[in-house]
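Here my numbering is used: the first residue of the sequence shown is 875, the next is one more, and so on.
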Amino acid sequence: MPERGFLLFLRTWNSLILLRMNVANPQFVPDPHTIPLEDIDLSDPHIFQQDAHWAYFERLRAEDPVHYCRDSQFGPFWSVTKYNDIMQVERNHQVYSSEGGITLGAPVTVPEEKVMNTPMFIAMDPPKHDVQRATVQPVVEPRNLKAMEGTIRERAGRILDALPENETFNWVDLVSIELTTQMLATLFDFPFGERRKLTRWSDVATAGPETGIVESYEQRQQELYECLAYFTRLWNERVNEPPAYDLISMLAHGENTREMDPMEFLGNLILLIVGGNDTTRNSISGGVLALNLFPEEYDKLRGNTGLIPNMVSEIIRWQTPLAYMRRTALADTELRGKRIDAGDAVLMWYVSGNRDDEVIENPDAFLIDRRNARRHLSFGFGIHRCMGNRLAEMQLRVLWEEIMQRFRFIEVVGEPVRTLSSFVKGYTELPVRVHRL
């Protein structure tokens, strides 16, 4: 099939594949237009793996933008789906607390002893959140980012130059994971030859047995304890050395973190690993897919590579690598006329807010020259705004600058395989071929 014809076909692929999977896949996804409103359960990861979530969110934004799910495998929760409502929740951390966790957690059927309690600063409120975040914030200060750019550029070039020609390969593994994992190893000053351990721990941290990544919650616990043991060894080495500009040294020497409990150390490790890995790697993959689905934008990029910085923000909006963040109501409150009781779980669906046409014009389109492209929710807002947002943007910018110096076209040649998760919105496979200049 000619390139352009395949791309146009791929643009309609989502609807075709949804139909096929609903017939062939035992995990049937209900029709979002006919299912009773009260039965919509956005915690079902198959909705996201089948790329079927868009119509659900479109309906909720129109009919029930603050939606209550009474019965899910994780228990009841509220879904906030419109941009301005999400911002209202984000701004009001005095009412909507992070202390209850930032995700839905394990299913309610999982015994308590199998659920790991791993506090992390993103799941804390001030003042503890502020002092722990401030301890590691210097790693992404502007002067550090400037120093890192050359390293990122060199690594990106090396990765791209090594890609196979005239054959199909998995972009997720050879590029998205490899570049971000190398960066993580640098941030932690982690043994470089063992850096894929970081990828594995990132995947395990957000996985349940249904994903195929781990076979049981016991295996998940065991692997995360192995992560803790490995980093505890690094901690013990760094604490006896002069302070340095890596995350472990910062935590080991930080006045407010050097006495932290082991499980809190593990929680913050998971936060930093997942935050530095899943989000960037899935935006790297999502950008390639988006340019294939919108070939006119690829043409626009070829004609003006100066659009890359703006395109990076559009990629992050269009992909939204983390679908939601959770808050817990500290007191009875009201949102859009809905009474939310103290203790209720409230999910801010960034992936929906980023497609809200009351705030973002033509939101389903991928436009690399979009005005106000950075006006997206993917990094969160307020005190919990993603600490590494500038580093993520820099990695994407540098990578695309290097791509455009080498390749006329990165061609998606098959169906992407999406992550089985309602939280991490990403890819495990993206089959591509590269066409060099």
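Backbone N, C-alpha and C fix where the C-beta goes; we use that ideal spot for every residue, glycine too.
For P900, three-class secondary structure by DSSP = Low per-residue confidence applies at P900: pLDDT is 45, beneath 50, and the placement is therefore not dependable, though the value from the model is reported in the following sentence. If DSSP states are grouped into helix, strand and coil, P900 belongs with coil.
Cβ shell of L1034 (< 7 angstroms), same chain only, five flanking positions each side left out | Listed in chain order, the non-local C-beta contacts of L1034 below 7 angstroms within the same chain comprise E1276, I1277, R1280, local neighbours out to five positions each way being set aside.
Assuming N1142 and L1125 form a contact by the criterion Cβ under 8 angstroms, report the distance between their Cβ atoms to the nearest whole angstrom.
-> About 7 angstroms; that satisfies the 8 angstroms criterion.
Rounded C-beta distance between P981 and F948? I'm assuming under 8 angstroms.
-> The Cβ separation is near 6 angstroms, so the contact holds.
If you scan the segment 954 to 1034 from start to end, which runs of the alpha helix (DSSP H) of 4 or more residues do you find wholly inside it?
-> Within the segment 954 to 1034, complete alpha helix (DSSP H) segments of at least 4 residues are found at 957 to 965, 1002 to 1010, given in chain order.
Using DSSP bridges, identify the partner residues of H1309.
-> Bridge pairing for H1309: F1283 [DSSP].
Pairwise C-alpha distance: V1010 and W1075 | The alpha-carbon separation between W1075 and V1010 amounts to approximately 20 angstroms.
Using a threshold of 7 angstroms, state whether the C-beta atoms of A1036 and T1154 are closer than that.
-> Cβ atoms of A1036 and T1154: not closer than 7 angstroms.
Cβ atoms of P1305 and T1042: under 7 angstroms apart, would you say?
-> Contact annotation: T1042 and P1305 have beta-carbon atoms nearer than 7 angstroms.
Which residues DSSP lists as bridging W952, in chain order = Residue pairing of W952 in beta bridges, as defined by DSSP: Y942, V1220.
Bounding residues of the alpha helix (DSSP H) (the contiguous stretch that carries Y1091) | It spans 1091 to 1113 - the alpha helix (DSSP H) in which Y1091 sits, taken as one unbroken run.
Taking the alpha-carbon positions, what's the D925 to Y970 distance?
-> If I take the Cα positions, the gap works out to 29 angstroms.
Under three-state DSSP, which class holds Y1198?
-> In this structure, Y1198 counts as strand in the three-state DSSP scheme.
Can you give the Cα-Cα distance for R932 and D959, rounded to whole angstroms?
-> Here the sequence assigns Glu to residue 932, which means Arg is not the residue at that position. E932 and D959 have their alpha carbons spaced roughly 15 angstroms apart.
Relative to the C-alpha of Y1099, which residue among D1215, M1137, F1297, L934 is closest?
-> Of D1215, M1137, F1297, L934, the residue nearest in Cα terms is M1137.
Where does the unbroken alpha helix (DSSP H) through L832 begin, and where does it stop?
-> The chain is shown from 875 up to 1311; residue 832 falls before or after that span and cannot be answered.
Which residue from V963, G1288, T1293, I1284 puts its Cα closest to that of L1311?
-> Answer by Cα proximity: I1284.
By Cβ distance, which residues of its chain are closer than 8 angstroms to L1312, with the 5 residues on each side in sequence left out?
-> In this structure the chain extends from 875 to 1311, so residue 1312 is not present and cannot be described.
For R1292, name the three-state secondary structure that DSSP assigns.
-> In this structure, R1292 counts as strand in the three-state DSSP scheme.
Under 7 angstroms between the Cβ atoms of G1150 and G1262?
-> Yes, they are a contact pair.
Bounding residues of the beta strand (DSSP E) (the contiguous stretch that carries Y1301) | Start and end: 1301 to 1303.
In terms of residue numbering, what span does the alpha helix (DSSP H) encompassing R1074 cover?
-> For R1074, the enclosing alpha helix (DSSP H) stretches over residues 1070 to 1079.
For E1171 and N1178, the rounded distance between their alpha carbons | Roughly 10 angstroms between the two C-alpha positions.
Take F1062 as the anchor and find which of N1228, E964, V1014 has the nearest alpha-carbon.
-> In terms of CA proximity to F1062, V1014 leads the group N1228, E964, V1014.
Counted within 10 angstroms of its Cβ, other Cβ atoms place S889 as buried (16 or more) or exposed | Its pLDDT being 34, under 50, S889 is placed unreliably in this model, and the value from its coordinates should be taken loosely. Around the C-beta of S889, fewer than 16 other C-beta atoms lie within 10 Å, and the residue is accordingly described as exposed.
Between the Cα of D945 and the Cα atoms of D913, E973, F922, which residue gives the shortest distance?
-> It is D913.
Element boundaries [alpha helix (DSSP H), containing E1171] | E1171 -> alpha helix (DSSP H) spans 1169 to 1177.
Looking at C-alpha atoms only, which residue of L1053, G1082, G1086 is the closest neighbour of Q1095?
-> Nearest to Q1095 by alpha-carbon distance, out of L1053, G1082, G1086, is G1082.
Fully enclosed by the segment 1205 to 1274, which alpha helix (DSSP H) runs are 4 residues long or longer?
-> As far as the segment 1205 to 1274 is concerned, its whole alpha helix (DSSP H) runs of at least 4 residues are 1224 to 1227.
Unbroken alpha helix (DSSP H) run spanning F931, endpoints | Its alpha helix (DSSP H) spans residues 927 to 937.
Given a threshold of 16 other Cβ atoms within 10 Å of its Cβ, counted over all protein chains shown, does Q1193 qualify as buried or as exposed?
-> So Q1193 counts as buried.
Three-state class that DSSP yields for A1203 in the structure shown | For A1203, the three-state secondary structure derived from DSSP is strand.
Where do the N-terminal and C-terminal ends of the alpha helix (DSSP H) with M1134 fall, by residue?
-> Counting along the chain, M1134 falls outside any alpha helix (DSSP H), and DSSP gives it neither H nor E.
Since V1186 is in the alpha helix (DSSP H), which residue starts that stretch and which ends it?
-> Residues 1182 to 1193.
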